[in-house]
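Quick notes on the structure that follows.
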Amino acid sequence: MKETINAIRGFKDILPRETGQWQMVEETARQVFSAFGFNEIRIPIVEKTDLFKRGIGEATDIVEKEMYTFLDRGDDYLTLRPEATAGVIRSYIEHSLHAEDAVTKLYTFGPMFRRERPQKGRYRQFHQIDAEILGIDDPRIDAELILMLMHFLTAVGLAGPKLEINSLGCKECRPVFRKMITDFVRGKEEGFCPDCTRRMQTNPLRIFDCKVETCREIMTSAPVVLDALCGACRDHFDRFREALTIFNMPYEVNPRMVRGLDYYTKTAFEVTTELLGAQNAVAGGGRYDGLVKDLGGPDTPGIGFAIGFERLVALMQAHDEDCRCRHGRPDLFIAAMGEEAQGMAFALCNKLRLEGIRTEMDYAGKSLKSQMKRADKLKCRYTMIIGDQEIANNQATLRDMQESRQAPVGFHQIVHIKKVIKGEKPLD
RNA sequence: GUGGGCGUAGCUCAGAUGGUUAGAGUGCCGGGUUGUGGCCCCGGAGGUCGAGGGUUCGAUCCCCUUCGCUCACCCCA
Numbered sequence: 143m144k145e146t147i148n149a150i151r152g153f154k155d156i157l158p159r160e161t162g163q164w165q166m167v168e169e170t171a172r173q174v175f176s177a178f179g180f181n182e183i184r185i186p187i188v189e190k191t192d193l194f195k196r197g198i199g200e201a202t203d204i205v206e207k208e209m210y211t212f213l214d215r216g217d218d219y220l221t222l223r224p225e226a227t228a229g230v231i232r233s234y235i236e237h238s239l240h241a242e243d244a245v246t247k248l249y250t251f252g253p254m255f256r257r258e259r260p261q262k263g264r265y266r267q268f269h270q271i272d273a274e275i276l277g278i279d280d281p282r283i284d285a286e287l288i289l290m291l292m293h294f295l296t297a298v299g300l301a302g303p304k305l306e307i308n309s310l311g312c313k314e315c316r317p318v319f320r321k322m323i324t325d326f327v328r329g330k331e332e333g334f335c336p337d338c339t340r341r342m343q344t345n346p347l348r349i350f351d352c353k354v355e356t357c358r359e360i361m362t363s364a365p366v367v368l369d370a371l372c373g374a375c376r377d378h379f380d381r382f383r384e385a386l387t388i389f390n391m392p393y394e395v396n397p398r399m400v401r402g403l404d405y406y407t408k409t410a411f412e413v414t415t416e417l418l419g420a421q422n423a424v425a426g427g428g429r430y431d432g433l434v435k436d437l438g439g440p441d442t443p444g445i446g447f448a449i450g451f452e453r454l455v456a457l458m459q460a461h462d463e464d465c466r467c468r469h470g471r472p473d474l475f476i477a478a479m480g481e482e483a484q485g486m487a488f489a490l491c492n493k494l495r496l497e498g499i500r501t502e503m504d505y506a507g508k509s510l511k512s513q514m515k516r517a518d519k520l521k522c523r524y525t526m527i528i529g530d531q532e533i534a535n536n537q538a539t540l541r542d543m544q545e546s547r548q549a550p551v552g553f554h555q556i557v558h559i560k561k562v563i564k565g566e567k568p569l570d
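For what it's worth, the numbering used here labels the leading residue of the first sequence as 143, then goes sequentially.
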């Protein structure tokens with residue numbers, strides 16, 4: 143035996159037993175998103191590194207230490223996308239999609255790459271469903287997008303998602319808040335954990351996120367973003383919440399919530415559940431009114447979210463079996479005995495497939511019992527038996543495995559066979 | 001990048017304070033019915049006990065190193 147080569151760390155195979163479920167989630171997303179006026183966009187997995195540096199922010203953890211970046215033949219630095227928004231916006235600008243309609247609603251899904259240490263719910267290649275609305279800054283749109291997200295999560299069978307919202311302010315009020323925090327923290331350095339003392343320099347807002355009890359305690363009396371919002375941001379947040387109320391959408395304002403990507407402004411939100419371990423966010427997103435302009439496009443507001451596919455699917459294990467059956471189960475198994483019968487089975491099997499009937503057979507000349515066993519294992523509802531008797535009578539035996547009944551059918555009565563299998567006609 | 005836990009059959013796991021052919025369940029293949037699945041019974045294949053080195057008469061077990069997996073920190077979907 144030769145040495146095996148395994149998939150690399152943090153990269154996972156999505157096996158046949160799982161893909162049925164993935165397809166179901168994708169189908170639901172397409173259906174729900176299209177009802178809300180979204181169209182699919184498909185963008186490259188590799189982009190110029192600068193796109194992410196400018197889009198996500200040079201000082202973020204993602205750009206600083208998590209990107210898969212490489213030099214392409216000594217020319218450009220390229221990067222495997224760590225998230226989808228930057229690429230979508232790049233494409234939006236490059237193709238002047240803003241000129242086609244004042245409002246552009248886009249969704250996409252696919253793999254993202256971040257070089258983090260893998261753990262439960264966190265992989266180096268992971269998949270996201272991503273949706274973006276460009277061209278409107280009306281706070282009602284923020285609520286509408288969240289309505290769509292929550293509806294999708296429910297439609298897919300996710301139990302008990304928790305919605306948390308916050309406002310991060312805009313480029314006017316965020317610096318004000320940042321200063322409030324640095325002022326508040328000054329002189330209290332002793333009380334914080336080592337991580338937080340570091341955060342004071344790099345990203346003071348993150349101190350809110352700390353899980354250490356003493357840090358949390360100090361921060362309870364700290365000023366909150368919502369206190370620092372400018373008039374416009376405060377108004378946006380209020381009207382956003384009003385719109386959520388119209389939908390009877392339960393939510394919690396979490397002033398401690400911060401986002402890891404620099405482009406977010408105003409509305410930020412996160413959907414979490416308690417069943418995911420430490421990586422408890424299933425979806426997250428927010429408004430990014432300055433991003434399109436920062437990437438060289440027209441001054442266009444935007445908002446979007448990303449759903450973690452693997453995390454979503456992990457919460458849906460109960461549905462796995464159904465999906466697998468729906469996609470993987472053949473309609474008919476043809477069991478043939480003898481060389482002549484096998485020849486007929488081979489022709490018939492492929493003829494039925496061309497008719498859209500999922501048909502399987504055995505090529506190894508196994509015993510009837512063994513073939514029946516396989517048919518049962520594949521969960522085929524019907525088995526067709528072809529042997530000397532059937533050839534003599536010019537009729538195959540069609541067996542309903544579920545009802546344990548069987549009846550003869552003519553070899554050439556394809557239409558009849560098809561109808562029986564589809565449940566449109568009785569077996570006899 | 002840092003720390004904890006774990007590596008024995010395809011999968012889930014036993015095992016002996018170091019001793020001769022390493023076990024179970026499940027899955028897979030076959031038989032019990034020479035033309036009929038599920039349940040039951042019987043049989044079979046499948047393991048360099050993660051890898052390398054050390055101690056020992058002898059190591060899957062003890063020691064060191066290494067690789068892998070996993071959970072958590074960090075960060076986020």
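Note that beta-carbon positions come from the ideal geometry of N, C-alpha and C, so glycine has one too.
Three-state secondary structure (DSSP) of residue i
i, result
"L457", "coil"
"K190", "strand"
"I476", "strand"
"V174", "helix"
"E160", "helix"
"S238", "coil"
"L220", "strand"
"G263", "coil"
"I231", "helix"
"C467", "Confidence in C467 is poor, its pLDDT being 46 and thus under 50, which makes the residue's placement too unreliable to answer from."
"A226", "coil"
"Q531", "helix"
"F153", "coil"
"F447", "strand"
"D462", "With a pLDDT of 48 at D462, under the threshold of 50, the modelled position of this residue cannot be trusted; read the value that follows with caution. Helix."
"V205", "helix"
"T344", "helix"
Contact check, residue i vs residue j, beta carbons under 8 Å
i, j, result
"A285", "A385", "yes"
"F334", "L248", "no"
"E412", "A423", "yes"
"P224", "G152", "no"
"N492", "M399", "no"
"A297", "T170", "yes"
"T407", "G311", "yes"
"L510", "Y524", "no"
"T442", "L276", "yes"
"L520", "R547", "no"
"D272", "T250", "yes"
Range of the contiguous alpha helix (DSSP H) that encloses residue i
i, result
"P317", "315 to 327"
"A483", "481 to 496"
"E502", "First-last for E502: 501 to 503, but that is the beta strand (DSSP E), not the alpha helix (DSSP H)."
"K511", "510 to 519"
"L417", "Counting along the chain, L417 falls outside any alpha helix (DSSP H), and DSSP gives it neither H nor E."
"T296", "281 to 297"
"R348", "Element bounds for R348: n/a, residue is neither H nor E."
"D542", "D542 -> not in any alpha helix (DSSP H); beta strand (DSSP E) instead, spanning 537 to 542."
Supposed contact pair residue j and residue i - C-beta distance, whole angstroms, cut 8 Å
i, j, result
"P365", "M322", "5 Å"
"Q537", "V557", "Going by Cβ atoms, the distance from Q537 to V557 rounds to 15 Å, so no, they are not a contact pair."
"I183", "V230", "6 Å"
Residue range of the beta strand (DSSP E) that includes residue i
i, result
"F334", "Segment: none, F334 is in no beta strand (DSSP E) and carries neither H nor E."
"K247", "246 to 255"
Check: Okay, do the stretch 434 to 450 and the stretch 475 to 489 touch, 3+ Cβ pairs below 8 Å being the bar?
Finding: no
Check: When the Cβ atoms of the stretch 254 to 270 are set against those of the stretch 196 to 210, are three or more pairs found closer than 8 Å?
Finding: yes
Note to self: Quick check: the stretch 187 to 203 against the stretch 156 to 173, are at least 3 beta-carbon pairs closer than 8 Å?
What the structure shows: no
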